[in-house]
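Colleague:
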Amino acid sequence: MSTMGYDVMAAWDRIFTLQPRDSIQHGCLQPQFHDLLASKTILPFQHAKQSWSPPSSPQSLSFPSSPANSPPSSPLAPACDVAASRRISLSAKGKHSLADKLYAAACAGDLDHVQLLLDMGAPINVGTVIENLYETFKPAKSGRLSPLAGAAGHGQFDMAELLIVHGAAINPSLDQSSCSPLHEACRANDSEMARFLLELGADVDMNNCYKTTPLMYAAKHGSVDLMETLLEFAPDLHKRSFINTAAIHAAIWPAKIDVLELLLRAGANPDQPLFDGSTPLHCAANVRNPNVAQCLLKYNADPTRRNEQGKTALEIAQESDCIEVAQLLSKAQTLWKRR
């Protein structure tokens, strides 16, 4: 290749000649990368060389070969922009290929390879398709995650900082990532990562592609610590997903009493209905959990409310032979009617 061009394959060769701490040069991946490969559909780096196709000619490269086509100097810019000199002209297919590699390296916390990929022009806000991302559906549905969302979901703080410095979107569009980095931090029950992102401007009420908010993820997947962190940033407690559920419902189904009580204490509506008019008490009867019912009643849930079928939560409990919940609701109805 001409000296005026950038030797693309030589750049990939350097991947395998990094310092010994980089296990990829030995033909294997770090243990956490193995776990990642088992849980995510990503492209591992041992295939990077084979999947990469260099540009057809040196003339397609963006390496500045003379003062005439070099970028103008600026007191705010470094004297020699090494990153700019490494970037190459990529087709749309090439960019997506590098984006997949960038996502894999971001999840693994591989700073060296991420920097190299960014220098080569990998798009920082292009998502990678992840199979089975939305496991609530049966069968599970795939989604798309940005490199920053991947890093956030795997607790990679240094990586998240690097990506943000290079322009990664903290609040990406749905085209860029079907879940935001904050969603993924909440899915992973990582309160420190969630706080890190929130303090940098992450939208606490941002919808994912199914209108699910980070608060709903925290209610379903998270701990009290994570929920307390999100509540500090004043989320909308009553936002609804595409199936009309709110954060309170997300806490009820897995019977997370401590998280449920935090939401109720913060002002969540104990009677917030679903599409069919079912209240959280109806949900408690459906999950056959007396502790959930007791918690809702403690925060003044109305046991006399009926769903669109005309049934109260007590009737739901009686139909399912859930005696303990039925007894609680029967007593609560009597007290409610005496008001």
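Numbering (UniProt numbering), first residue to last: 1 to 339.
Here a beta-carbon is modelled for each residue, glycine too, at the ideal position from N, C-alpha and C.
As the structure is a prediction and not an experimental result, all values here were calculated from the model.
Please check the pair residue 325 and residue 285, which I expect to be a contact at CB under 8 Å, by giving their CB distance rounded to whole angstroms.
Modeller: Residue mapping note: residue 325 aligns to position 325 of the sequence shown, counting from 1. Residue mapping note: residue 285 aligns to position 285 of the sequence shown, counting from 1. Indeed they touch by this definition, with Cβ atoms about 6 Å apart.
Colleague: Drop a sphere of 10 angstroms on the beta-carbon of residue 144, count the other beta-carbons inside from all chains shown, and report buried for 16 or more, exposed for fewer.
Modeller: Here residue 144 is taken as the residue at index 144 of the sequence shown, counted from 1. Buried.
Colleague: Residues in its own chain within less than 6 Å of residue 339 by CB, not counting five upstream and five downstream?
Modeller: Position 339 of the sequence shown holds residue 339. Within the same chain, residue 339 has no close Cβ partners at all.
Colleague: Taking just the CA atoms, how far does residue 94 sit from residue 204?
Modeller: Against the sequence shown, residue 204 aligns to sequence position 204. Against the sequence shown, residue 94 aligns to sequence position 94. Each residue's alpha carbon lies about 34 Å from the other.
Colleague: May I ask you to report which of helix, strand or coil DSSP gives residue 170?
Modeller: Here residue 170 refers to the residue found at position 170 when the sequence shown is read from its first residue. In the structure shown, residue 170 sits in coil (DSSP, three-state: anything other than H, G, I, E or B).
Colleague: Since residue 99 and residue 126 should fall inside the 8 Å C-beta cutoff, what is the C-beta to C-beta distance between them, to a whole number of angstroms?
Modeller: Within the sequence shown, residue 99 is the residue found at index 99, counting from 1. Within the sequence shown, residue 126 is the residue found at index 126, counting from 1. Between residue 126 and residue 99 the Cβ distance is about 4 Å, and since that is below 8 Å, they are a contact.
Colleague: Would you mind stating whether residue 301 and residue 281 have Cβ atoms separated by less than 8 Å?
Modeller: Along the sequence shown, one-based indexing puts residue 301 at 301. Along the sequence shown, one-based indexing puts residue 281 at 281. Result yes, Cβ atoms of residue 301 and residue 281 sit closer than 8 Å.
Colleague: Quick check: the segment 145-164 against the segment 177-189, are there 3 or more CB pairs under 8 Å?
Modeller: Verdict: yes, contact present.
Colleague: Ordered along the chain, which non-local residues of its own chain (more than five positions away) have a Cβ less than 8 Å from that of residue 303?
Modeller: Translated into the one-based positions of the sequence shown, residue 303 becomes position 303. Correct list, in chain order: 281, 297, 312, 313, 314, 329, 332, 333 and 336.
Colleague: DSSP three-state label for residue 256, please.
Modeller: Numbered from 1 along the sequence shown, position 256 holds the residue referred to as residue 256. Looking at residue 256 - three-state DSSP - the assignment turns out to be coil, as it is neither helix nor strand.
Colleague: When DSSP labels each residue in this structure, what does residue 325 get in the three-state scheme?
Modeller: As a working mapping, residue 325 is identified with position 325 in the sequence shown. It is helical.
Colleague: In the DSSP assignment, find the unbroken alpha helix (DSSP H) run with residue 134 in it and report its ends.
Modeller: Numbered from 1 along the sequence shown, position 134 holds the residue referred to as residue 134. Taken as a continuous stretch (DSSP letters only), residue 134 belongs to no alpha helix (DSSP H), being part of the beta strand (DSSP E) at 128-134.
Colleague: Helix, strand or coil for residue 262, going by three-state DSSP, please let me know.
Modeller: On the sequence shown, position 262 is the one that residue 262 refers to. Three-state result, residue 262: helix.
Colleague: So for residue 94, helix, strand or coil by DSSP?
Modeller: Here the question's residue 94 lines up with position 94 in the sequence shown. Here residue 94 sits in helix by DSSP.
Colleague: Let me make sure I understand the geometry here. Which of 201, 252, 279 and 184 has the alpha-carbon closest to that of residue 289?
Modeller: If you number the sequence shown from 1, residue 289 lands on position 289. It is 252 whose Cα lies nearest to the Cα of residue 289.
Colleague: Can you tell me whether residue 239 is helix, strand or coil according to DSSP?
Modeller: Working through the sequence shown from its first residue, we reach residue 239 at position 239. Looking at residue 239 - three-state DSSP - the assignment turns out to be coil, as it is neither helix nor strand.
Colleague: With DSSP as the reference, label residue 145 as helix, strand or coil.
Modeller: Taking the first residue of the sequence shown as 1, we reach residue 145 at position 145. Here residue 145 sits in strand by DSSP.
Colleague: Report the option in 200, 279 and 287 whose CA atom is closest to the CA atom of residue 322.
Modeller: Within the sequence shown, numbered from 1, the residue matching residue 322 stands at position 322. Of 200, 279 and 287, the residue nearest in Cα terms is 287.
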